[in-house]
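K.L.:
Have a look at the structure that comes next, please.
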Amino acid sequence: MKNIRNFCIIAHIDHGKSTLADRMLEMTQTISERKMQDQALDNMDLERERGITIKSHAIQLNYQHKGEEYIFNLIDTPGHVDFSYEVSRSIAACEGALLLVDAAQGVQAQTISNLYLALENDLEIIPVLNKVDMPSAMVDEMSEEVVDLLGCELEDIILASGKTGLGLENIFEAIIERIPAPEGDPEAPLQAMIFDSMFDKYRGVIAYFRVFNGRLKKNDAIQFFNTQSDFFANEIGILKMDQVPQEMVEAGNVGYVITGTKDSKEVKVGDTITLQENKCEEAIQGFEDVKPMVFAGIFPIENDDFEDLRDALEKLQLNDASLIFQPETSVALGFGFRCGFLGMLHLEIIQERLEREYDQNVLTTVPNVSYFAYTKKGEKLTINTPNDLPGPTILDYVEEPYIRAQIISKPEYIGGIIKLCMEKRGILKNQQYLTTSRLELTFELPLAEIVFDFYDKLKTISRGYASFDYTPLDYRQSDLVKLDVLLNSENVDAFSSLIHRTKAVAFGKRMCAKLKDILPKQQFKIAIQAAIGAKIVARENISALRKDVTAKCYGGDISRKRKLLEKQKKGKKKMREVGNVQVPQKAFLDVLKLD
């Protein structure tokens, strides 16, 4: 055990985590030159296309140092704020972390939030200044920023380059010397924490675990502590580029187990594995439950595909533990699921993965956040969809979630950033200079305001020089109203949204104008209305497709033409009464992109 080191790489998005991991794999010859490619650990096409890490990836490296053989269990983590749950799970399985800072961009919002996550778990932090070979690198200035942030000495910072492999030996040496070896008793009852899992259609559920106490042998009779499910460890092993079967995995090490179960509900990330005969006393306290930030309905395009969609979501949940879903029905869309996501990018990725990996074409409703509604009787209700909101006769008031947002940028963009946050009902709490050219702004903002396009607008205003991170705060009373969209006086519940009263009318007008462009013409006139309760706040009309019924009248009395037009008018009126407006799939998606 004294030669095992468990560590993860944490950083802000795009600071070079995956590239540094690639060089580590090359240097320790874990991967052959023939198989080497950029982002070697990222095994999804989606990750390569977008150049981001979506999933944490665990891998074992072997390294020789002063004649001794060391085992490194490395976890490469995502950097985007929407995947911070992946980071928190990786941190729970480690004793140390490499904190990467880009030598050109310096300390950014997600750097700070990932650092706090690691410090809460008592991890040993090794600061690494990456990309020092770039012409734009400001090594001295950025080193001072890291010293201010961590309170470490200047000589503790390792200068490295993930591209050229510079400083890799120093990093390996620091890992051996600074990160403590795992503690644990190999003779104690088995205690292993599941930190990740995946589904293989041939072999069933594969769980990745870290052993804290005891040892797990092949064919052991095991039990998952929280779900009380009993299994046999049909295959266990360690994680290299491929899974390598072993006879035993001991305390301090990281491995995988295949039990043969195809039921994804049996395996919960965060659960503890123990032996049936010699059980451990208690489960390992791993990481806190995931708190979804954004809710949206996901519906199959064909109602017959409902069960297939359920299977796909269950398998996806194994691979992405931050996805939460429950069944719901909609008048407009039929049966589907209410899903909780960590952010808009997370929603987009899930939608794309459903399409690519499980062949599921789905419709997504307007995303919203979760609110608390209080009735006049004093009851507290959780509102996940606008349709859950009680009527005005019963409702007393609504509370909405607030977040604390940290924005780090250059001083020249401060005016635009403050204006954007004020438009989003933000409250400026603090502003401080980290250095002469870097400024940190702290805002309190309603979560609903940052769900849609806040991050994109922030990047536009700051020309890409702003980094953004947020933490949940509390719920505060707010003047929210339910905005309904009516097509020919019929409510389309998939378009309903909860919105602040001051913005409801403008939002309703934009919604109606957008739908007028999207919806196809029918044989009858369509009235598109936005309503708050019984009050109509905006309206657009789509005129009917009309045939020229007077074409055959060439001359004669005007009353002949009028008679034909009156007859057509009656027909159109009747058609409007019985006709249904079919909303195409594109309309549901386009309404999300209102700007």
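Numbering (our numbering), first residue to last: 10 to 604.
Just so you know, even glycine gets a beta-carbon here, dropped at the ideal spot from N, CA and C.
#1: How big is the Cα-Cα spacing for Ala-101 and Lys-523?
#2: Tell me Val-148's beta-bridge partners as DSSP assigns them.
#3: Tell me which residue opens and which closes the beta strand (DSSP E) that Gly-160 is part of.
#4: Please report the straight-line C-alpha distance between Cys-17 and Ile-84, rounded to a whole angstrom.
#5: Determine, using beta carbons only, whether Met-36 and Leu-177 come nearer to each other than 7 Å.
#6: Please say whether Ala-169 and Leu-175 have beta carbons closer to each other than 7 Å?
#7: Contact between the stretch 244 to 253 and the stretch 179 to 198 is defined here as three or more beta-carbon pairs at a separation below 8 Å; is this criterion met?
#8: Which residues in the same chain have their Cβ closer than 7 Å to the Cβ of Glu-154, if we skip the five residues on either side of it in sequence?
#9: The alpha helix (DSSP H) that contains Gly-425, what's its start and end?
#10: Does the separation of the CB atoms of Asp-149 and His-24 fall below 7 Å?
#11: On a Cα-Cα basis, can you pick out the residue from Phe-221, Gly-213 and Asn-222 that is closest to Ala-242?
#12: Please name the residue or residues paired with Ser-418 in a DSSP beta bridge.
#13: So, using beta-carbon positions, are Ile-231 and Ile-282 closer together than 7 Å?
#14: In terms of residue numbering, what span does the beta strand (DSSP E) encompassing Leu-284 cover?
#15: Look at the alpha carbon of Glu-133 and the alpha carbon of Ile-188, and state the distance between them as a whole number of angstroms.
#16: Val-371 and Ile-307: beta carbons closer than 7 Å?
#17: Terminal residues of the continuous beta strand (DSSP E) containing Phe-463?
#18: Based on the DSSP output, what are the partners of Pro-301 in its beta bridges?
#19: Taking Cβ to Cβ, would you say Pro-410 is nearer than 7 Å to Leu-456?
#20: My understanding is that Asn-377 touches Leu-492, with C-beta atoms under 8 Å, so please give their C-beta distance in whole angstroms.
#21: Using only the alpha-carbon positions, how far apart do Pro-420 and Cys-348 sit?
#22: Rounded to the nearest angstrom, what separates Ala-305 and Phe-504 at their Cα positions?
#23: Would you identify the three-state DSSP class for Ser-93, choosing helix, strand or coil?
#24: Given this structure, state the Cα-to-Cα distance separating Val-558 from Cys-430, to the nearest angstrom.
#25: Ignore the nearest five residues each way along the sequence and tell me which others in Ser-152's own chain have a CB closer than 7 Å to its CB.
#26: DSSP puts Tyr-484 in a beta bridge; with which residues?
#27: For a test of the three-state rule: what should DSSP assign to Phe-533, helix, strand or coil?
#28: Comparing C-alpha positions only, which one of Phe-516, Arg-510, Ala-540 and Arg-555 sits nearest to Gln-531?
#29: So, for Ile-333: in the same chain, excluding its five sequence neighbours on each side, which residues have a beta-carbon less than 6 Å away from its beta-carbon?
#30: Which residues share a DSSP beta bridge with Val-490?
#31: Gln-200 to Ala-330, Cα distance in whole Å?
#32: Using a 10 Å radius around the Cβ and a threshold of 16 neighbouring Cβ atoms, would you call Thr-469 buried or exposed?
#33: Over what stretch of residues does the alpha helix (DSSP H) that includes Tyr-367 continue unbroken?
#34: Give me the Cα-Cα distance between Glu-259 and Pro-87, rounded to the nearest whole angstrom.
#35: If you draw a straight line from the alpha carbon of Asn-550 to that of Asn-497, how long is it in whole angstroms?
#36: By the 10 Å Cβ neighbour count, where 16 or more other Cβ atoms means buried, how is Glu-575 classified, buried or exposed?
P.N.:
In terms of the structure at hand:
#1: Position 92 of the sequence shown holds residue 101. Position 514 of the sequence shown holds residue 523. Using only the alpha carbons, I get a separation of about 46 Å.
#2: Position 139 of the sequence shown, counted from the start, is the residue given in the question as residue 148. Bridge partners of Val-148: none, in fact.
#3: Against the sequence shown, residue 160 aligns to sequence position 151. No beta strand (DSSP E) holds Gly-160; DSSP gives it neither H nor E.
#4: The residue given as residue 17 occupies position 8 in the sequence shown. The residue given as residue 84 occupies position 75 in the sequence shown. Near 4 Å, if we compare the C-alpha coordinates of Ile-84 and Cys-17.
#5: If you number the sequence shown from 1, residue 36 lands on position 27. If you number the sequence shown from 1, residue 177 lands on position 168. Cβ distance < 7 Å, so Met-36 and Leu-177 count as in contact.
#6: As a working mapping, residue 175 is identified with position 166 in the sequence shown. As a working mapping, residue 169 is identified with position 160 in the sequence shown. Going by C-beta atoms, Leu-175 is nearer than 7 Å to Ala-169.
#7: no
#8: By one-based count along the sequence shown, residue 154 stands at place 145. Contacts found: Gly-115, Val-116, Leu-443 and Thr-444.
#9: By 1-based counting over the sequence shown, the position of residue 425 is 416. It spans 423 to 432 - the alpha helix (DSSP H) in which Gly-425 sits, taken as one unbroken run.
#10: Indexing the sequence shown from 1 puts residue 149 at position 140. Indexing the sequence shown from 1 puts residue 24 at position 15. Not closer than 7 Å, so no.
#11: Counting from one through the sequence shown, the residue named residue 242 turns up at place 233. When each option's Cα is compared against that of Ala-242, the closest is Gly-213.
#12: Start at 1 with the first residue of the sequence shown, and residue 418 comes out as number 409. In DSSP, Ser-418 forms a bridge with Leu-448.
#13: Taking the sequence shown and counting its residues from 1, one reaches residue 231 at position 222. Taking the sequence shown and counting its residues from 1, one reaches residue 282 at position 273. Cβ atoms of Ile-231 and Ile-282: closer than 7 Å.
#14: One-based indexing of the sequence shown puts residue 284 at position 275. Here the beta strand (DSSP E) through Leu-284 covers 281 to 284.
#15: Counting from 1 along the sequence shown, the entry for residue 133 is found at position 124. Counting from 1 along the sequence shown, the entry for residue 188 is found at position 179. Taking the straight line from one Cα to the other gives about 6 Å.
#16: Here residue 371 refers to the residue found at position 362 when the sequence shown is read from its first residue. Here residue 307 refers to the residue found at position 298 when the sequence shown is read from its first residue. Contact flag set, yes.
#17: In the sequence shown, the residue the question calls residue 463 occupies position 454. First-last for Phe-463: 463 to 470, but that is the alpha helix (DSSP H), not the beta strand (DSSP E).
#18: The residue given as residue 301 occupies position 292 in the sequence shown. BP columns for Pro-301 are empty, so no partner.
#19: As a first step, residue 410 is located in the sequence shown; it is residue number 401 there, counting from the start. As a first step, residue 456 is located in the sequence shown; it is residue number 447 there, counting from the start. Result yes, Cβ atoms of Pro-410 and Leu-456 sit closer than 7 Å.
#20: Taking the sequence shown and counting its residues from 1, the one referred to as residue 377 is at position 368. Taking the sequence shown and counting its residues from 1, the one referred to as residue 492 is at position 483. Their Cβ separation, rounded to whole angstroms, is 11 Å, which puts Asn-377 and Leu-492 out of contact at 8 Å.
#21: Translated into the one-based positions of the sequence shown, residue 420 becomes position 411. Translated into the one-based positions of the sequence shown, residue 348 becomes position 339. The straight-line gap from Cα to Cα measures roughly 39 Å.
#22: As a first step, residue 305 is located in the sequence shown; it is residue number 296 there, counting from the start. As a first step, residue 504 is located in the sequence shown; it is residue number 495 there, counting from the start. Their backbone Cα atoms lie some 11 Å apart in a straight line.
#23: By one-based count along the sequence shown, residue 93 stands at place 84. Reduced to three states, the DSSP call for Ser-93 is helix.
#24: In the sequence shown, the residue the question calls residue 558 occupies position 549. In the sequence shown, the residue the question calls residue 430 occupies position 421. About 56 Å.
#25: For the purposes of this step, residue 152 is taken as the residue at position 143 of the sequence shown. Around Ser-152: Leu-138, Leu-163 and Ile-166.
#26: Here residue 484 is taken as the residue at index 475 of the sequence shown, counted from 1. Partner(s): Pro-410.
#27: Here the question's residue 533 lines up with position 524 in the sequence shown. Three-state DSSP puts Phe-533 in coil, outside helix and strand.
#28: In the sequence shown, counting from the first residue as 1, residue 531 sits at position 522. Gln-531 has its Cα closest to that of Arg-555, out of Phe-516, Arg-510, Ala-540 and Arg-555.
#29: Here residue 333 corresponds to residue number 324 of the sequence shown, with the count starting at 1. Result list for Ile-333: Pro-301 and Gly-349, in chain order.
#30: The residue given as residue 490 occupies position 481 in the sequence shown. DSSP output for Val-490 lists Ile-508 as bridge partner(s).
#31: Position 191 of the sequence shown, counted from the first residue, corresponds to residue 200. Position 321 of the sequence shown, counted from the first residue, corresponds to residue 330. Cα-Cα distance, rounded: 21 Å.
#32: The sequence position of residue 469 within the sequence shown is 460, counting from 1. By the neighbour-count rule (16 or more Cβ atoms within 10 Å), Thr-469 is not buried but exposed.
#33: By 1-based counting over the sequence shown, the position of residue 367 is 358. Looking at the DSSP string, the run of the alpha helix (DSSP H) that includes Tyr-367 is 353 to 367.
#34: Taking the first residue of the sequence shown as 1, we reach residue 259 at position 250. Taking the first residue of the sequence shown as 1, we reach residue 87 at position 78. Roughly 28 Å separates the two Cα atoms.
#35: Position 541 of the sequence shown, counting from 1, holds the residue named residue 550. Position 488 of the sequence shown, counting from 1, holds the residue named residue 497. When rounded, the distance between both Cα atoms is 10 Å.
#36: As a working mapping, residue 575 is identified with position 566 in the sequence shown. Glu-575 is exposed by the Cβ-count criterion.
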